[in-house]
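Trainee: Be aware that the sequence shown starts at 1, since it is given in UniProt numbering, and climbs by one per residue. We put the beta carbon where it would ideally sit given N, CA and C, even for glycine.
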Amino acid sequence: MKTIGKWLSIGSRHELTRDCFITRRLLSSLSTSVTTDDGSIVDVQKYRQQHDIQCFGDRIPDPIQSFDSYKWPPKLAQKIKQLEFITPTPIQSQSLPVIFSSRDLVAIASSGSGKTLCFVLPALLRTLIAGLDRWPKCLILSPTRELTHQIQTVVDKFHFARSVCLYGDVSFEVQSMLLKRGNPHIVIATPSRLKTILETGIARLDYVDFIIVDEADLMLRMGLGSDFQYIMNALPAKRQTLMFSATWPQSVQSMADQFLKDYVRVNVGKTRSNQSLTVNKNIEQTIKVCKECDKEKILLDIMNEFVPTISGFIKTIIFVRHKKTADRLVRSLAQDSFPARAFHSNKHQRERDYVIREFRRGNISIIVATDVASRGLDFKDVKLVINYDFPSNLEDYTHRIGRTGRHKEKGRAVTLFTSKNIIHKTSLIELLTEADQNRSTESEDTSEMPEECQVIKSSICELTGHQSVVISCDWISGVDQCVTASWDHTANIYDFHTGQLVVQLAGHDQELTDVCAHGSARLIVTSSHDTTFRLWDFRDAIHSVSVFQGHTESVMSASFLGTDKVISGADDRTVKVWDLRNMRAALTSIYVESPINKFAVSEADNLI
1 MKTIGKWLSI
11 GSRHELTRDC
21 FITRRLLSSL
31 STSVTTDDGS
41 IVDVQKYRQQ
51 HDIQCFGDRI
61 PDPIQSFDSY
71 KWPPKLAQKI
81 KQLEFITPTP
91 IQSQSLPVIF
101 SSRDLVAIAS
111 SGSGKTLCFV
121 LPALLRTLIA
131 GLDRWPKCLI
141 LSPTRELTHQ
151 IQTVVDKFHF
161 ARSVCLYGDV
171 SFEVQSMLLK
181 RGNPHIVIAT
191 PSRLKTILET
201 GIARLDYVDF
211 IIVDEADLML
221 RMGLGSDFQY
231 IMNALPAKRQ
241 TLMFSATWPQ
251 SVQSMADQFL
261 KDYVRVNVGK
271 TRSNQSLTVN
281 KNIEQTIKVC
291 KECDKEKILL
301 DIMNEFVPTI
311 SGFIKTIIFV
321 RHKKTADRLV
331 RSLAQDSFPA
341 RAFHSNKHQR
351 ERDYVIREFR
361 RGNISIIVAT
371 DVASRGLDFK
381 DVKLVINYDF
391 PSNLEDYTHR
401 IGRTGRHKEK
411 GRAVTLFTSK
421 NIIHKTSLIE
431 LLTEADQNRS
441 TESEDTSEMP
451 EECQVIKSSI
461 CELTGHQSVV
471 ISCDWISGVD
481 QCVTASWDHT
491 ANIYDFHTGQ
501 LVVQLAGHDQ
511 ELTDVCAHGS
521 ARLIVTSSHD
531 TTFRLWDFRD
541 AIHSVSVFQG
551 HTESVMSASF
561 LGTDKVISGA
571 DDRTVKVWDL
581 RNMRAALTSI
591 YVESPINKFA
601 VSEADNLI
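Here it is as structure tokens:
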């Protein structure tokens, strides 16, 4: 018992409990005003309006203006002072009073708003108050291993509680030993690994009474909903549950309604009604409209303009859609004297941990990453985010650019926008408008933009009709129509003025990867993971379809060479040229070393 008391470095349990529960008495005394650091009084409603705080629920405690509003246990107070936590962020100022009033909570705020500290401080306080009770008392669920590591890093800064991280791609035996012998106060886990551990009977959650769900929306999007339900059903009924998310879609609402009791919802920042995306106004957003084949050149121009400084390179994250693109850009940037490291799920965990650690330390300045780095990871001093590939939805766009402009710092985000992304145009403009951003483009003179992208400057209708992600889009010149390709195996042709679906092109057996239109010839070519690409003739109506076979793996791109030839590229590392009048065999076929994408096909075109 003496050893445990010494390890905790705290006074008696009664003294600790008395100190900690002063917070509740303090909260009950704050009713209609907030006291600032200088002793002045701020009207609660005015304070919430100034900080874009919206609260939903009954008996909502007033926000705090300073961490000194609470009488923390001495050791915790000392650490808060050392870490210079003085003024809480808006989400912290309203969420902490809700948590300390023993209410369930749903907190919605943008990346970099300080959500992690919202639950780490109460979790630490809960472990201290529990004294010699059985462990673990706190469970933190997070969707990715990187996020679990980041949360543990914040917990470890206080040196008050033992924590353990549980996630996949690490020895099951080692993690089991940590649970059995480490006797952790706080368990930080991904749902899938924790479910496996619970099924084996290695660990039980009988004493857990404080549960945090971090990045709830991402957790559901990753398909972890069933694992989450299994864990929640295994928890004691008497518990306090906190849920943190960047968005408030119907799936998260259903999760909260099912597992939280009489909860308070706190929103910080303006939200869009259709997706409830919060917008960070500290980020200067620039949209550069360009052709797909010009993206790499424009990327280098951006790098040369913003990245080099007298003291070295500024911290930069470049986001791409595909892992192969990340590896290719790292090689390309190295040729232009920009040392970069790739970060994606194909990298071993040891290498990913190394890249994160060295990027935080400043030894690595440039990362080329897939969306695995877009959620939750908290990097200091990231000055520039570049969206080389536009993400599949506006939610991912918000999280990507949220890697900069964190903790009230200013940041810059530059996005390359091509005709393939035109389906997101309306939502993007709405997001920029709500963030008080100018719709900056590569050229303010629309006549100098690519014809297929000039529509970015005008208002259009929402185009709906696909049942899955839209992966590509092309403008059909001369007829004011566009064609979209989706993972639902179809391509849709829309009237751009009315947004009406003109015709749906169906026939592929697997997800589409690309679409290209030849307006003057009235031809469309679609490529797919089913190893084929198809030619659609729409001069009067879709009256003929030609199937081109010859690749052995997914066809990643196909485009026109004039009016009588098509060039295609596939994951089998071959690029082929086809005569539209003779579909039986390719005219030319070459093997390329680089991973196949639209850029690689364009380069191969020059070789052919």
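Does the separation of the CB atoms of Asn-282 and Lys-410 fall below 7 Å?
Mentor: yes
Trainee: Can you give the Cα-Cα distance for Asp-396 and Ala-435, rounded to whole angstroms?
Mentor: 16 Å
Trainee: For Val-266, I'd like the list of residues in its chain whose CB is within less than 6 Å of its CB, leaving aside the five on either flank, ordered along the chain.
Mentor: Cys-55, Gln-94, Ser-95 and Ala-107
Trainee: Whose C-beta lies closer than 6 Å to the C-beta of Ser-589 among residues of the same chain, with five residues either side of it excluded?
Mentor: Thr-574 and Lys-576
Trainee: Please state the DSSP three-state secondary structure of Lys-323.
Mentor: Three-state DSSP puts Lys-323 in a helix.
Trainee: Who are Ala-491's beta bridge partners in DSSP?
Mentor: Ala-485 and Leu-505
Trainee: Beta-carbon separation of Ser-113 and Pro-61 under 7 Å?
Mentor: Cβ distance not < 7 Å, so Ser-113 and Pro-61 don't count as in contact.
Trainee: Could you spell out the range, first to last residue, of the beta strand (DSSP E) harbouring Ala-256?
Mentor: First-last for Ala-256: 250–259, but that is the alpha helix (DSSP H), not the beta strand (DSSP E).
Trainee: If we ignore side chains and look at the alpha-carbon of each, how far apart do Val-208 and Asn-183 end up?
Mentor: 13 Å
Trainee: Give me the Cα-Cα distance between Val-307 and Lys-315, rounded to the nearest whole angstrom.
Mentor: 8 Å
Trainee: Can you list, in chain order, the residues of its chain with a C-beta nearer than 7 Å to that of Leu-300? Leave out the 5 residues immediately preceding and following it.
Mentor: Asp-336
Trainee: Hey, is the stretch 207–221 in contact with the stretch 67–79, meaning 3+ C-beta pairs nearer than 8 Å?
Mentor: no
Trainee: So, Lys-420 versus Cys-473, is the Cβ gap smaller than 7 Å?
Mentor: yes
Trainee: If we ignore side chains and look at the alpha-carbon of each, how far apart do Gly-57 and Pro-143 end up?
Mentor: 27 Å
Trainee: Jot down the residue ranges of each uninterrupted alpha helix (DSSP H) in the UniProt domain "Helicase C-terminal" (294–452), minimum 4 residues, whole runs only, in chain order.
Mentor: 295–306, 323–335, 349–361, 394–401 and 425–434
Trainee: Give me the DSSP bridge partner(s) of Leu-512.
Mentor: Ser-528
Trainee: Pull up the DSSP beta-bridge partners for Asn-267, would you.
Mentor: Gln-54 and Ile-108
Trainee: Spatial neighbours of Ile-364 within its chain, please: CB distance less than 6 Å, with the 5 preceding and 5 following residues excluded, ordered by chain position.
Mentor: Hits under 6 Å: Arg-341 and Glu-358.
Trainee: How is the alpha helix (DSSP H) around Gly-182 delimited, first residue to last?
Mentor: 172–182
Trainee: Please confirm whether Ile-188 and Thr-148 have their CB atoms less than 7 Å apart.
Mentor: Yes, Cβ-Cβ distance for Ile-188 and Thr-148 is below 7 Å.
Trainee: Check whether the Cβ atoms of Leu-242 and Leu-416 lie closer than 7 Å to each other.
Mentor: no
Trainee: Going by the DSSP bridge assignment, what does Ile-140 pair with across the sheet?
Mentor: Ile-188 and Ile-212
Trainee: Just to confirm before moving on: does the CB-CB distance between Asp-217 and Val-252 stay below 7 Å?
Mentor: yes
Trainee: Please classify Val-154: does DSSP put it in a helix, a strand, or coil?
Mentor: helix
Trainee: Is Thr-193 near Leu-166, with beta carbons less than 7 Å apart?
Mentor: Sequence check: residue 193 is Arg here, not Thr. Contact: yes.
Trainee: With C-beta atoms as the reference, is Val-120 less than 7 Å away from Val-154?
Mentor: yes
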